[in-house]
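Reading through the structure tokens given below for one structure.
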Amino acid sequence: MHSGTNHVTTNSTHRNWQGRRSEGEIALLLQKTDAVVPRKCFDKTSCIFCTKEDGLLHEFKTLGADDNVRSMARDLLDSDLLTRIEGVGDLIALEAKYHLACLVGLRNRHRSLIRNRENLQDASKPDKKARARAFAELVTYIENEVEEGTLLFKFASLRHLYESRLADFGIRSEVNKVRFKEQILKHFPYSQEQSDGKNVLLVFEKGMQQMLKQAMETDYEGDALILAKAARIVREDIFRSCGFNFSGSFPPDCQKNSVPANLKSMVTMLMKGADLKDQDCTDSQACLTASQIILFNCKKRARRDKQIPSSRSRHSLEIEPQPKSQMPSTSS
1 MHSGTNHVTT
11 NSTHRNWQGR
21 RSEGEIALLL
31 QKTDAVVPRK
41 CFDKTSCIFC
51 TKEDGLLHEF
61 KTLGADDNVR
71 SMARDLLDSD
81 LLTRIEGVGD
91 LIALEAKYHL
101 ACLVGLRNRH
111 RSLIRNRENL
121 QDASKPDKKA
131 RARAFAELVT
141 YIENEVEEGT
151 LLFKFASLRH
161 LYESRLADFG
171 IRSEVNKVRF
181 KEQILKHFPY
191 SQEQSDGKNV
201 LLVFEKGMQQ
211 MLKQAMETDY
221 EGDALILAKA
231 ARIVREDIFR
241 SCGFNFSGSF
251 PPDCQKNSVP
261 ANLKSMVTML
271 MKGADLKDQD
281 CTDSQACLTA
291 SQIILFNCKK
301 RARRDKQIPS
311 SRSRHSLEIE
321 PQPKSQMPST
331 SS
């Protein structure tokens, strides 16, 4: 009972502190975790993440995947996973197994942690949001192609698609080849890097289509949590935005600039999907119109008294288009 209490306390501490701890403090906390939590025996017949034996289990094939799992576990301060994999050798030699959905879940948690860290460092850079959107569209394109049976991609071609999409957002810098390749491989740890003597290739195993479909099988609770998270991200962007201040005329691109980037991204993905190949060079008029309607009807809080139906929608004064001289004070 005593060790179980310490274990719960450690996990709670990790969740509360991981966003603001320095690297040195995190390392010290990891050492304390190792001392508090007894090391468990390694079991190669169950999933390394959920410890269950049911379902289709896959083996780790590359040292890169092993390194990625350890790195993500340390970043997340996942004490349960760390006690299973630290100090027991590489996962390939141990014939460690995993469920694809569990690996995807770990990767999503890690990506969320990294995004939160980046948002704390700089929440206003439009280039970062554009790059993130372009990469998400590229990932969706690769997943769609794999489901259709394409298991081999040239990294040069993928990088060209990514750079072209960045150019649509006005970013015309060359993408670093090594970092781009590492980013792709980190996102698809079950893929491999190979060379045919001329090109560097991204290769997926046969049967990958079925694995992706299994990972995307309906999980109503998981889907609801993803939708709630997406809504929170977009709403935070909406209420941070400055909106549009009418000064007697409508400057070029005023409609585009009045809508937060994350809201435009979400509406575009709803209308056209997230595949990079299906995107236009600029945001469509339908996207901007729908985004403005959503922006106009967003409220920070719902009505307190739900027994009294509202005869009309109440809009926030801050997002009403109006002259600068009539803008409400932000101090109130």
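In this text, residue positions in the sequence shown follow the UniProt record's numbering: the first is 1, and each later residue adds one. Backbone N, C-alpha and C fix where the C-beta goes; we use that ideal spot for every residue, glycine too.
Option nearest residue 301 by Cα separation, candidates 78, 232, 57: Translated into the one-based positions of the sequence shown, residue 301 becomes position 301. Out of 78, 232, 57, 232 has the C-alpha closest to the C-alpha of residue 301.
Burial state of residue 194, where buried means 16 or more other Cβ atoms lie within 10 Å: Working through the sequence shown from its first residue, we reach residue 194 at position 194. Classified as exposed, residue 194 has fewer than 16 neighbouring CB atoms from the shown chains inside 10 Å of its CB.
Distance CB(residue 97)-CB(residue 152) smaller than 7 Å: As a working mapping, residue 97 is identified with position 97 in the sequence shown. As a working mapping, residue 152 is identified with position 152 in the sequence shown. Cβ distance not < 7 Å, so residue 97 and residue 152 don't count as in contact.
Cα-Cα separation between residue 222 and residue 106, rounded to whole angstroms: In the sequence shown, counting from the first residue as 1, residue 222 sits at position 222. In the sequence shown, counting from the first residue as 1, residue 106 sits at position 106. Using only the alpha carbons, I get a separation of about 13 Å.
Sequence-distant residues of its chain with Cβ nearer than 8 Å to residue 40 (five each side left out): Taking the first residue of the sequence shown as position 1, residue 40 is located at position 40. The pLDDT assigned to residue 40 is 49, lower than 50, so where the model puts this residue is not dependable; a value taken from the coordinates is nonetheless given after this. Take residue 40, set aside five residues on each side of it, and the residues of its chain with a beta-carbon closer than 8 Å to its own are 83, 84, in chain order.
Buried/exposed call for residue 271, threshold 16 Cβ in 10 Å: In the sequence shown, residue 271 corresponds to position 271, counting from 1. With fewer than 16 Cβ atoms within 10 Å of its Cβ, residue 271 is classed as exposed.
Exposure of residue 200, with buried meaning 16 or more beta-carbon neighbours within 10 Å: In the sequence shown, counting from the first residue as 1, residue 200 sits at position 200. Residue 200 comes out exposed.
Length of the line joining the Cα atoms of residue 191 and residue 299: Within the sequence shown, the letter at position 191 stands for residue 191. Within the sequence shown, the letter at position 299 stands for residue 299. Those two C-alpha atoms are separated by around 43 Å.
Option in 116, 156, 176, 203 with minimal Cα separation from residue 149: On the sequence shown, position 149 is the one that residue 149 refers to. The residue with the shortest Cα to Cα distance from residue 149 is 203.
Cα-Cα separation, residue 53 to residue 227: Taking the first residue of the sequence shown as 1, we reach residue 53 at position 53. Taking the first residue of the sequence shown as 1, we reach residue 227 at position 227. Distance between the alpha carbons of residue 53 and residue 227: 29 Å.
Length at least 4, wholly inside the region 160–231: the alpha helix (DSSP H) runs in chain order: Entirely contained in the region 160–231, the alpha helix (DSSP H) runs reaching 4 residues are, in chain order, 177–187, 208–215.
Proximal residues to residue 159 (C-beta, below 6 Å), its chain only, five neighbours per side dropped: In the sequence shown, residue 159 corresponds to position 159, counting from 1. Only 175, 180 meet the Cβ criterion.
Beta-carbon spacing of residue 141, residue 275 below 7 Å: Translated into the one-based positions of the sequence shown, residue 141 becomes position 141. Translated into the one-based positions of the sequence shown, residue 275 becomes position 275. Less than 7 Å separates the beta-carbon of residue 141 from that of residue 275.
Closer than 6 Å: residue 263 CB and nearest the ligand ATP heavy atom: Absence of the ligand ATP from the depicted structure is noted, as is the absence of any ligand whatsoever, leaving it without description.
Closest Cα partner of residue 173 within the set 128, 254, 291: For this step, residue 173 is matched to residue 173 along the sequence shown. Closest by alpha carbon: 128.
Alpha helix (DSSP H) runs wholly inside the region 255–282, at least 4 long, in chain order: The region 255–282 contains these whole alpha helix (DSSP H) runs: 261–272.
Inter-residue Cα distance where the pair is residue 112 and residue 255: Position 112 of the sequence shown holds residue 112. Position 255 of the sequence shown holds residue 255. Taking the straight line joining both Cα atoms gives about 30 Å.
Selected residue, minimal CA-CA separation from residue 126, among 284, 269, 241, 278: Residue numbering aside, residue 126 sits at position 126 when the sequence shown is read from its first letter. Of the candidates 284, 269, 241, 278, the one whose C-alpha sits nearest the C-alpha of residue 126 is 241.
Short Cβ contact (7 Å threshold) for residue 109 with residue 76: Position 109 of the sequence shown, counted from the start, is the residue given in the question as residue 109. Position 76 of the sequence shown, counted from the start, is the residue given in the question as residue 76. Contact annotation: residue 109 and residue 76 have beta-carbon atoms nearer than 7 Å.
Alpha carbon of residue 51 to alpha carbon of residue 251, nearest angstrom: As a working mapping, residue 51 is identified with position 51 in the sequence shown. As a working mapping, residue 251 is identified with position 251 in the sequence shown. Using only the alpha carbons, I get a separation of about 58 Å.
First through last residue of the alpha helix (DSSP H) which encompasses residue 152: Here residue 152 refers to the residue found at position 152 of the sequence shown. Bounds of any alpha helix (DSSP H) do not take in residue 152; it lies within the beta strand (DSSP E) bounded by 152–154.
Per-residue DSSP class, three states only, for residue 110: By 1-based counting over the sequence shown, the position of residue 110 is 110. Here residue 110 carries a helix assignment [DSSP, helix/strand/coil].
Cβ neighbour criterion (16 or more within 10 Å) applied to residue 137: Counting from one through the sequence shown, the residue named residue 137 turns up at place 137. With 16 or more Cβ atoms within 10 Å of its Cβ, residue 137 is classed as buried.
Minimum C-alpha distance to residue 103 - residue among 118, 189, 273: Taking the first residue of the sequence shown as position 1, residue 103 is located at position 103. Considering only alpha carbons, the answer is 189.
Burial state of residue 285, where buried means 16 or more other Cβ atoms lie within 10 Å: Locating residue 285 in the sequence shown gives position 285, counting from the first residue. So residue 285 ends up on the exposed side.
Spatial neighbours of residue 139 in its chain, beta-carbon cut-off 7 Å, leaving aside the 5 residues before and after: The residue you call residue 139 lines up with position 139 of the sequence shown. Excluding sequence neighbours, residue 139 sits near 187.
Per-residue DSSP class, three states only, for residue 128: For the purposes of this step, residue 128 is taken as the residue at position 128 of the sequence shown. Three-state result, residue 128: helix.
Residue from 184, 132, 143, 182 whose Cα sits closest to the Cα of residue 166: Here residue 166 refers to the residue found at position 166 of the sequence shown. Here the closest residue by C-alpha is 132.
Neighbour-count burial assignment, residue 33, 16 or more Cβ in a 10 Å radius: Here residue 33 corresponds to residue number 33 of the sequence shown, with the count starting at 1. Unreliable placement is indicated for residue 33, whose pLDDT of 47 sits below 50; no coordinate value is reported for it.
Minimum C-alpha distance to residue 114 - residue among 277, 72, 78: Translated into the one-based positions of the sequence shown, residue 114 becomes position 114. When each option's Cα is compared against that of residue 114, the closest is 72.
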